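Just below is one structure, and these are the notes that go with it.
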Amino acid sequence: MTSFVRNQWYVAAYGSEIGHELFGRTVCGEPILFWRTEAGEVTAMAEHCVHRRFPLSRSPSRLDGDRVVCGYHGFTYGPDGVCVSVPGQRRVPRTARLASYPVREQDAFVWVWIGERDRAEGTPIPRAPWLDSPEYTTVRGMEPLAARYGLLVDNLLDLSHETYLHGGYIGTPEVAETPITTEADETSGIVRVSRHMDDAACPPFYARSTGIEGRITRWQDIEYHAPCLYLLHSRIAPVGAPEPRADGTDPGAFHVEVVYAITPETEHSTHDFWAVARDFALDDQQVSTFLADNNRTVVLQDVVALDQLEQVVASEPPGTQELSINIDTGGLAARRILARLATEGAGSAEGAGAAGTAVTR
Amino acid sequence: MTSFVRNQWYVAAYGSEIGHELFGRTVCGEPILFWRTEAGEVTAMAEHCVHRRFPLSRSPSRLDGDRVVCGYHGFTYGPDGVCVSVPGQRRVPRTARLASYPVREQDAFVWVWIGERDRAEGTPIPRAPWLDSPEYTTVRGMEPLAARYGLLVDNLLDLSHETYLHGGYIGTPEVAETPITTEADETSGIVRVSRHMDDAACPPFYARSTGIEGRITRWQDIEYHAPCLYLLHSRIAPVGAPEPRADGTDPGAFHVEVVYAITPETEHSTHDFWAVARDFALDDQQVSTFLADNNRTVVLQDVVALDQLEQVVASEPPGTQELSINIDTGGLAARRILARLATEGAGSAEGAGAAGTAVTR
Amino acid sequence: MTSFVRNQWYVAAYGSEIGHELFGRTVCGEPILFWRTEAGEVTAMAEHCVHRRFPLSRSPSRLDGDRVVCGYHGFTYGPDGVCVSVPGQRRVPRTARLASYPVREQDAFVWVWIGERDRAEGTPIPRAPWLDSPEYTTVRGMEPLAARYGLLVDNLLDLSHETYLHGGYIGTPEVAETPITTEADETSGIVRVSRHMDDAACPPFYARSTGIEGRITRWQDIEYHAPCLYLLHSRIAPVGAPEPRADGTDPGAFHVEVVYAITPETEHSTHDFWAVARDFALDDQQVSTFLADNNRTVVLQDVVALDQLEQVVASEPPGTQELSINIDTGGLAARRILARLATEGAGSAEGAGAAGTAVTR
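Residue numbers (full-length UniProt numbering), protein chains in the order written: chain A, 1 to 361; chain B, 1 to 361; chain C, 1 to 361.
Below, the structure is given as structure tokens:
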């Protein structure tokens with residue numbers, strides 16, 4: 001048994017990564033072959049040829065129209081994974097087919113389902129609509145992480161680390177000092193962690209992108225949809241600017257939607273997709289370049305730290321004790337939900353708990 | 001228990017690799033020290049000093065005439081592995097000797113026996129006489145393979161992969177399309193796979209070396225002597241050329257003897273010896289250079305593919321299913337023979353089956 | 001259970017390695033953080049933050065005066081390992097403290113105790129007073145060894161290897177040829193191996209540093225304090241020079257104190273501290289440079305050999321046989337003492353054997 005939560009949608013790639021070319025990526029330990037048909041549909045099937053297990057994503061395997069030809073002995077498959085041709089004989093064995101995976105494109109991501117097939121349709125894919133909305137400009141990337149995905153979940157649900165690990169980029173003293181509000185919805189598998197700073201220093205990340213020169217009101221509202229999607233609704237406004245209006249509009253503030261998709265590759269490695277969408281300076285290429293460079297730097301600071309941490313955790317006996325404090329409330333809630341989902345092998349619809357337990361300390 | 005077939009002869013090296021110098025090579029997990037005496041005899045003994053296990057093939061270990069001097073504390077051994085001198089005392093302990101291995105030179109190869117010593121003499125070494133015959137010119141090499149030897153056996157017994165993995169070198173569509181005839185002689189441990197193409201494209205490998213410009217008759221007659229020696233008798237002739245004569249001569253065709261020695265190094269790595277002997281253009285250095293370069297390229301295509309495949313196979317659960325078809329008949333027969341030989345820890349003479357089962361599909 | 005002897009003092013570093021900076025070093029599998037307070041005291045505490053196990057020796061963890069600030073979330077610790085500040089709340093959990101280790105500075109080394117705390121005080125630290133004596137000049141270094149520490153103990157207790165592995169540096173034929181006297185004091189855990197050569201070639205190491213041109217009297221008196229400290233009292237004099245006087249002075253000879261501290265890092269790696277102290281040419285920088293370069297070369301010859309040997313030993317089945325002879329008497333005695341100390345989890349004071357067993361052969 002692995003620790004993976006199987007009956008959930010995972011981000012496998014950005015849609016732009018998948019073209020009419022063979023593309024292999026491992027999701028939750030399953031090696032999957034992705035490619036886009038000539039009509040533009042994304043397909044997902046097992047990556048290894050049924051014959052002698054050759055990886056179909058590797059040269060000289062190739063696409064021939066909408067067929068995948070294995071580079072070893074020429075077994076040939078259609079977009080549904082069914083084998084249509086084998087070498088040296090006319091008859092194709094009936095069982096010759098690659099497992100295919102449910103796959104969807106949504107919000108600039110390619111989502112894949114590795115669990116029980118009949119549960120895919122009924123399980124909603126969480127949304128990150130900013131990523132392909134014309135009202136936002138997005139910069140983004142993906143960094144491979146040589147660490148178990150739980151370490152990234154811990155990291156993102158406790159932003160007090162910004163002050164220390166990302167000081168001079170996105171961290172200021174107020175982030176670590178300001179208490180948080182945590183809300184864990186066991187039923188839907190969503191954890192919310194909020195930290196509202198009324199009067200805080202403006203870190204370079206926001207100062208240079210928004211042009212604000214003084215102190216700011218800074219809201220960090222995290223919304224983690226276990227296991228894969230992490231949203232950070234970030235609101236920045238000069239101190240004294242008006243609050244959001246009753247109708248939801250908020251013209252006095254700058255909004256940044258920070259999106260992470262956290263996809264386990266193996267038990268000890270993770271695909272770390274990150275995107276930063278903003279509702280200001282939409283056409284300003286300098287701001288885009290600055291935010292892309294700056295956020296990649298921040299992500300790589302996490303990557304270095306978490307890769308080191310993986311080495312520590314992997315070298316210590318399993319039960320080694322940690323000490324948790326208030327800032328960890330969100331992360332601990334996420335761990336509980338992930339453990340439950342992994343144990344149940346179950347989707348979010350099966351949660352039996354009451355809808356939401358507010359934890360404020 | 002390992003999967004190695006122990007009571008068989010293995011190729012450890014080309015004879016030309018072993019001079020009056022210490023040379024270490026691991027065969028079926030056994031680290032062996034080879035060197036040639038001043039009289040020119042090849043010796044084979046355990047590679048690690050009996051005293052503190054220092055590897056005798058490594059500097060500053062050295063040969064002193066026909067004695068090996070350990071580079072750590074100076075234990076000194078004769079060509080039979082018997083210790084003749086130790087430091088700090090005159091008396092040499094009677095048990096101080098390196099295990100020695102039966103070793104033979106034949107057909108340009110150095111063969112070694114790692115199994116029960118008293119069975120070596122009675123077990124014939126399979127022949128590849130072309131490699132040092134004046135009627136043939138040979139090009140050859142050895143590539144280390146980071147894959148279990150069974151993957152190379154599979155590879156070589158199913159040449160339909162030439163069409164896909166080696167297209168543009170030795171593969172043409174006819175290889176994959178033409179049915180094979182398979183014959184497995186369980187008693188002698190020999191598998192024969194034949195594919196006779198009457199009218200086939202001539203791949204560059206043969207076109208440039210023979211000078212044939214049109215289509216060819218191409219015969220591939222494989223003779224695999226489990227576990228170590230693989231022979232591919234390759235006959236190429238212009239379409240319409242006469243068949244071989246009743247007396248065995250065949251002046252209308254070109255003959256290439258492709259020889260592989262498949263020697264397990266460890267459970268997951270293999271010494272891949274390859275040689276290409278031809279009976280034409282004997283003194284044409286250009287043809288030699290072309291065939292050497294071209295065949296090495298082909299071997300390295302296999303190495304890359306099999307190294308990848310080893311990663312796949314090693315990462316999958318042991319029972320992961322493969323799907324076999326007609327082209328795999330030879331490979332499956334080889335697997336059965338290898339499994340039997342490994343289980344028996346037995347030589348070829350112990351096979352109890354009837355002499356030969358023809359399998360044609 | 002590991003093979004480590006825990007209730008003993010180990011050299012963690014040279015005192016000069018530890019400044020007012022975070023310094024991580026693993027001793028017997030325990031990752032330890034060292035730093036010097038502003039007052040100059042060396043501290044030793046567990047290297048991983050109690051919160052989420054981040055390594056406190058790694059950037060961006062940092063010292064703030066006499067406090068360690070974790071680079072991940074800012075947990076802050078005093079020199080005693082007690083946590084004094086955590087992010088997001090005023091109250092510091094009472095259990096938030098890093099394990100601290102007894103630590104001492106003596107003879108230029110920083111010694112650490114990883115065993116039962118209440119036994120540290122009563123266990124003496126063995127001495128190597130030459131290293132910071134004004135009557136000696138010392139050159140020194142530390143080389144990481146990718147081999148279990150027992151292989152280095154074997155190596156140093158049998159100097160006959162000098163003739164083979166270090167020929168041309170410190171070895172001459174007489175070292176391997178001359179018999180040894182061995183004395184193992186099971187109670188104190190000390191092994192003594194002596195080899196007195198009355199008329200020996202003078203190896204370059206001593207010829208160039210002492211200026212002696214002819215043959216020498218060469219004494220090698222080893223004193224190994226299991227597990228960590230190895231002393232080689234080396235006496236060199238021209239043949240015919242007077243013996244040491246009754247009062248212990250020895251003006252006719254040159255004395256070199258070769259000191260090794262052998263500190264296991266993990267089960268398969270070792271910190272190899274080496275120092276060479278001399279009582280002659282005290283201010284001669286050329287002699288210092290020569291001895292430093294030459295001894296480092298010798299140590300690296302050992303490192304290369306032992307790293308290879310570790311590969312051999314790790315690849316062989318645990319019970320693989322070795323053959324021991326007279327020169328191994330010291331090494332075998334050391335192994336017995338180390339095995340006893342590891343089994344008892346006990347310090348040297350607990351030995352029950354008679355005080356000293358002379359073994360001469």
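Every residue, glycine too, gets a C-beta built ideally from N, C-alpha and C. In this text, all values refer to a predicted model and were calculated from it rather than measured experimentally.
Residue i, buried or exposed, once every other Cβ within 10 Å from all chains shown has been counted against 16
| i | result |
| --- | --- |
| residue 57 of chain B | buried |
| residue 203 of chain C | buried |
| residue 214 of chain B | exposed |
| residue 192 of chain C | buried |
| residue 16 of chain B | exposed |
| residue 321 of chain A | exposed |
| residue 199 of chain C | exposed |
| residue 368 of chain B | Residue 368 of chain B is absent from the structure shown; chain B starts at 1 and stops at 361. |
| residue 362 of chain B | Since the first residue shown for chain B is 1 and the last is 361, residue 362 of chain B is missing from the structure and cannot be characterised. |
| residue 365 of chain A | Residue 365 of chain A lies beyond the residue range present for chain A, which begins at 1 and ends at 361; the question has no answer from this structure. |
Residue i and residue j closer than 7 Å at C-beta
| i | j | result |
| --- | --- | --- |
| residue 124 of chain B | residue 113 of chain B | no |
| residue 133 of chain C | residue 45 of chain C | no |
| residue 138 of chain C | residue 131 of chain C | yes |
| residue 210 of chain A | residue 254 of chain A | yes |
| residue 37 of chain C | residue 66 of chain C | yes |
| residue 76 of chain C | residue 69 of chain C | yes |
| residue 338 of chain A | residue 227 of chain A | yes |
| residue 217 of chain A | residue 237 of chain A | yes |
| residue 42 of chain C | residue 110 of chain C | yes |
| residue 221 of chain B | residue 188 of chain B | no |
| residue 231 of chain B | residue 259 of chain B | yes |
| residue 30 of chain B | residue 147 of chain B | no |
| residue 285 of chain A | residue 55 of chain C | no |
Inter-residue CB distance, residue i and residue j (contact presumed, cutoff 8 Å)
| i | j | result |
| --- | --- | --- |
| residue 182 of chain A | residue 342 of chain A | Not really, about 21 Å apart at Cβ, beyond 8 Å. |
| residue 145 of chain B | residue 303 of chain B | 6 Å |
| residue 229 of chain B | residue 126 of chain B | 4 Å |
| residue 60 of chain A | residue 72 of chain B | Not really, about 48 Å apart at Cβ, beyond 8 Å. |
| residue 11 of chain C | residue 263 of chain C | 5 Å |
| residue 140 of chain C | residue 275 of chain C | 4 Å |
Closer than 7 Å to chain B by CB, residue i
| i | result |
| --- | --- |
| residue 169 of chain C | no |
| residue 225 of chain C | no |
| residue 27 of chain A | no |
| residue 96 of chain A | yes |
| residue 50 of chain A | yes |
| residue 220 of chain C | no |
| residue 312 of chain C | yes |
Short CB-CB distance (under 7 Å) between residue i and chain C
| i | result |
| --- | --- |
| residue 86 of chain B | yes |
| residue 193 of chain B | no |
| residue 179 of chain A | yes |
| residue 334 of chain A | no |
Any C-beta of chain A under 7 Å from that of residue i
| i | result |
| --- | --- |
| residue 3 of chain B | no |
| residue 260 of chain B | no |
| residue 200 of chain B | no |
| residue 89 of chain C | yes |
| residue 82 of chain C | no |
| residue 271 of chain C | no |
| residue 294 of chain B | no |
| residue 368 of chain B | With chain B covering 1 to 361 only, the question about residue 368 of chain B has no answer from this structure. |
Which residues, taken in chain order from the segment 53 to 78 of chain A, show a beta carbon closer than 8 Å to some beta carbon of chain D? Absent here is chain D; the protein component of the structure consists of chains A, B and C.
Whether or not the segment 317 to 326 of chain A and the segment 163 to 178 of chain A are in contact is what I'm after, with contact meaning three or more pairs of Cβ atoms, one per stretch, closer than 8 Å; do they touch? Contact fails: fewer than three Cβ-Cβ distances are below 8 Å.
Quick check: the segment 298 to 314 of chain B against the segment 139 to 159 of chain B, are there 3 or more CB pairs under 8 Å? At 8 Å Cβ cutoff, the stretches touch.
Would you call the segment 104 to 113 of chain C and the segment 70 to 90 of chain C touching, i.e. three or more CB-CB distances under 8 Å? No: fewer than three Cβ pairs fall under 8 Å.
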